[in-house]
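Heads up: the sequence shown at position 94 corresponds to 98 in the working numbering, and the numbers run straight through without jumps. Here the structure comes first, spelled out in structure tokens, and everything after it is commentary.
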Amino acid sequence: MASVVAPPCGPDCLRQRKLDALKLAMDTAEKNKDQNPVAYSEARTNYYTLLKGQGWLVAEKQKVAQEEIEPILSRYASAYKVLETKEKSQHQFKSLASAVKSHEEDNALLSKEVQKIHDKTNVLKRTAELSETPTTNIGSYLPWILDGLIAILGLVVVFMLWRWFTYVPTVVEQVEQVLGGRNKSR
């Protein structure tokens with residue numbers, strides 16, 4: 005049996021044969037792209053690198069980096085900035101908490117002193133009230149009179165504001181405004 009020997013092939017022929025084999029491998033991998041995307045990517049890279057040269061490979065890697073990796077890096081960078089901000093906030097909060105804790109003892113002592121003074125004042129007030137003889141004079145009614153006067157003035161102010169914002173001009177005033185008569189202030 006005689007074997008078929010291919011005629012000797014030059015560098016261009018060998019390159020074309022290799023391109024044909026890589027093209028066939030890429031087409032086969034493309035059909036199974038869903039099951040094995042890595043195989044398709046490798047076959048595509050091998051084929052186009054041989055076909056277009058190393059410049060294509062460098063350009064393809066830059067394109068992949070820009071399209072796929074840079075958005076991911078951007079998300080990681082923004083997440084990192086958010087985490088840094090949170091860390092700074094937590095650090096400031098911890099510093100504030102430690103400052104409050106350090107002054108807590110001082111505040112407790114001050115609070116006790118204030119409470120003592122308050123208690124002493126209440127005792128003195130009650131003693132003065134009990135020692136006084138009840139008298140009816142204008143001084144005991146004065147706070148009630150002032151509170152009543154303040155309430156009446158408050159109602160007048162509320163009414164005036166309500167009237168100001170809900171004022172509807174009469175027909176005569178509207179006609180005067182249209183005809184250029186004098187403007188009546190509200």
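Where is the CB? At the ideal position from N, CA and C, for every residue including glycine. Remember, predicted model here, so these are calculated numbers, not experimental data.
The C-alpha of Met164 is placed about 10 Å away from the C-alpha of Tyr171.
The straight-line gap separating the alpha-carbon atoms of Ile73 and Asp38 is approximately 21 Å. The Cβ atoms of Leu23 and Leu54 sit closer than 8 Å to each other. Secondary structure note for Asn50: its alpha helix (DSSP H) is the uninterrupted segment 41 to 56. Excluding sequence positions up to five before and after Met30, its CB lies within less than 7 Å of the CB of Ala47, Arg48, Tyr51, all in the same chain and listed in chain order. Rounded to whole angstroms, the gap between the alpha carbons of Ala112 and Asp123 is 16 Å. Membership of Glu88 in the alpha helix (DSSP H) is indicated by the continuous run 74 to 135. Taken through DSSP and simplified to helix, strand or coil, Asp31 comes out as helix. Excluding the 5 residues flanking it on each side, Pro147 has no same chain C-beta neighbour closer than 8 Å.
Around the beta-carbon of Tyr145, fewer than 16 other beta-carbon atoms lie within 10 Å, marking it exposed. Taking 8 Å as the cut-off, the Cβ atoms of Ala25 and Ala33 do not count as close. A straight line joining the alpha-carbon of Asp110 with that of Ala103 spans about 12 Å. Going by DSSP, Gln178 is part of the alpha helix (DSSP H) stretching over 175 to 183.
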